[in-house]
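In what follows, a single structure is set out as structure tokens and then discussed.
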Amino acid sequence: SSIKSTQQGLIDAYKLPMEKISEVSFFDKEQGNDAIVKRLLRAMVLNDSFVYVVGGMSDTAGHGNMFADSYPQVMADIMAPAMAKAKIKFEVRNLAMGGVPSYPGSMCMKDAFGPDADVVMWDFRMVEHASLNGEIYIRQALMHPRRPFVAFKRPNGYLNSMKNYFTPASLHVVDERDLAKLASSNSNTTARDLVENDNFCGFSDPVRKKDGTWQECECPGQVRWHAGYKLQRLRGVQMALVYLNMLDLAVDKYVEMINGPGDE
-1 SSIKSTQQGL IDAYKLPMEK ISEVSFFDKE QGNDAIVKRL LRAMVLNDSF
49 VYVVGGMSDT AGHGNMFADS YPQVMADIMA PAMAKAKIKF EVRNLAMGGV
99 PSYPGSMCMK DAFGPDADVV MWDFRMVEHA SLNGEIYIRQ ALMHPRRPFV
149 AFKRPNGYLN SMKNYFTPAS LHVVDERDLA KLASSNSNTT ARDLVENDNF
199 CGFSDPVRKK DGTWQECECP GQVRWHAGYK LQRLRGVQMA LVYLNMLDLA
249 VDKYVEMING PGDE
């Protein structure tokens, strides 16, 4: 299938086990990904849309890289063929803006993200640390017309105390840091090259000149605290595999529905 071939191709490229390259953590361990799988199944049955919206700051937007290498776009490109075969109208919206926290924009989530969002990602890790702002982000999602599920890019400590949101928001975290460490220590040199010597736009990293200044960047927005294209791609691969796994489960349920007894 399209899902299996995509998954295997990425595993073969990075030489990493599936459980590591598609790692995701749900706060409600019992529910896990069930609610999102059901949303995907519904989209398949009704030929509906599945919209993933990423809110974040400059690193999320992919500053210093080509837009195609920002991780939300990498995720979209990887998932699109499988979603199309499942007859799901799939879209990933990268609405990140440099230096802008989630609040107060999150108060207008329906208008900013669209009324059709199914999952909203919080990735303001460099510019926002207040628990109140994180809670507002979740609450606004739960008041949104489609009640999108909420993903965070980091397991912010305050999330552990927000137990009331674990289940209704299907609250989960997709954090690439452990994956990046594992990939950079890969014994396979070809696979390791996919994450080593990272830079921007495919060019060499900026270097400090003898006079103490930095050489002119090949692309605007290049700063040392932004990820280069290799890390952006690794993030996108992880994100894609996380949700492709859920799509695979939804397809299995769809097949069971078709092949099951007629009275059920």
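For the sequence shown, our numbering begins at -1 and goes up steadily by one. C-beta: ideal position from N, C-alpha, C; glycine also. Just so you know, these numbers come straight off a predicted model, no measurement behind them.
Checklist entry - Once you ignore the five residues that flank Tyr156 on each side, which residues in its own chain have a CB closer than 7 Å to its CB? => result Excluding residues within five positions, the ones whose Cβ falls inside 7 Å are Ser129 and Gly132.
Item to check | Burial state of Phe65, where buried means 16 or more other Cβ atoms lie within 10 Å | outcome: exposed
Item to check | Near the ligand COA: Glu194 beta-carbon under 7 Å from a heavy atom | outcome: What this structure holds is no ligand at all, so the ligand COA is not there to describe.
Checklist entry - So, using beta-carbon positions, are Phe24 and Ser168 closer together than 8 Å? => result yes
Next on the checklist: Using a 10 Å radius around the Cβ and a threshold of 16 neighbouring Cβ atoms, would you call Pro259 buried or exposed?
Outcome noted: exposed
Item to check | From Lys251, Ile256, Met244 and Ala248, residue whose alpha carbon lies closest to that of Glu21 | outcome: If you compare the alpha carbons of Lys251, Ile256, Met244 and Ala248 with that of Glu21, the shortest gap goes to Met244.
Checklist entry - How would you label Ser(-1), buried or exposed, when you count the other beta carbons within 10 angstroms and need 16 or more for buried? => result Note on Ser(-1): under 16 other CB atoms within 10 angstroms of its CB, so exposed under the neighbour-count rule.
Item to check | Per DSSP, cross-strand counterpart(s) of Phe147 | outcome: Val117
Checklist entry - What are the start and end residues of the beta strand (DSSP E) that includes Arg91? => result Lys87 to Asn92
Checklist entry - For Gly234 versus Tyr69, is the C-beta distance shorter than 8 Å? => result yes
Next on the checklist: Taking the beta carbon of Ser100 as the centre, do at least 16 other beta carbons fall within 10 Å, making it buried, or is it exposed?
Outcome noted: buried
Item to check | Met16, buried or exposed, once every other Cβ within 10 Å from all chains shown has been counted against 16 | outcome: Exposed is the call here.
Item to check | Beta-bridge pairing of His170 - partner residues as DSSP gives them | outcome: Phe24 and Ala149
Checklist entry - By a C-beta neighbour count over all protein chains shown, 10 Å radius and 16 as the cutoff for buried, is Asn195 buried or exposed? => result exposed
Next on the checklist: Spatial neighbours of Asn257 within its chain, please: C-beta separation below 8 Å, excluding the five flanking residues on both sides.
Outcome noted: none
Item to check | 8 Å Cβ shell around Leu229 - same chain, five flanking residues per side excluded | outcome: If we look at Leu229 and ignore the five residues flanking it on each side, its Cβ neighbours are Glu174, Ala178, Val193 and Asp196.
Checklist entry - So what's Gly60 in DSSP terms, helix, strand or just coil? => result If DSSP states are grouped into helix, strand and coil, Gly60 belongs with coil.
Item to check | Local Cβ density within 10 Å of Gln6, reported as buried at 16 or more and exposed below that | outcome: exposed
Checklist entry - If we ignore side chains and look at the alpha-carbon of each, how far apart do Phe88 and Lys36 end up? => result Each residue's Cα considered, the two are about 15 Å apart.
Checklist entry - Would you call Thr58 buried or exposed, if buried means 16 or more other Cβ atoms sit within 10 Å of its Cβ? => result With 16 or more other CB atoms across the displayed protein chains lying within 10 angstroms of its CB, Thr58 is buried.
Item to check | Alpha carbon of Val72 to alpha carbon of Glu254, nearest angstrom | outcome: 31 Å
Item to check | Own chain partners of Ile1 with C-beta closer than 8 Å, once the 5 adjacent residues on each side are dropped | outcome: Ala80, Leu242, Leu245, Asp246 and Val249
Checklist entry - With 16 other CB atoms within 10 Å as the buried threshold, where does Leu44 fall? => result exposed
Next on the checklist: According to DSSP, is Tyr163 part of a helix, a strand, or is it coil?
Outcome noted: Tyr163 carries a helical assignment under DSSP once its states are collapsed to helix, strand and coil.
Item to check | Ala94 and Asp121 closer than 8 Å at C-beta | outcome: yes
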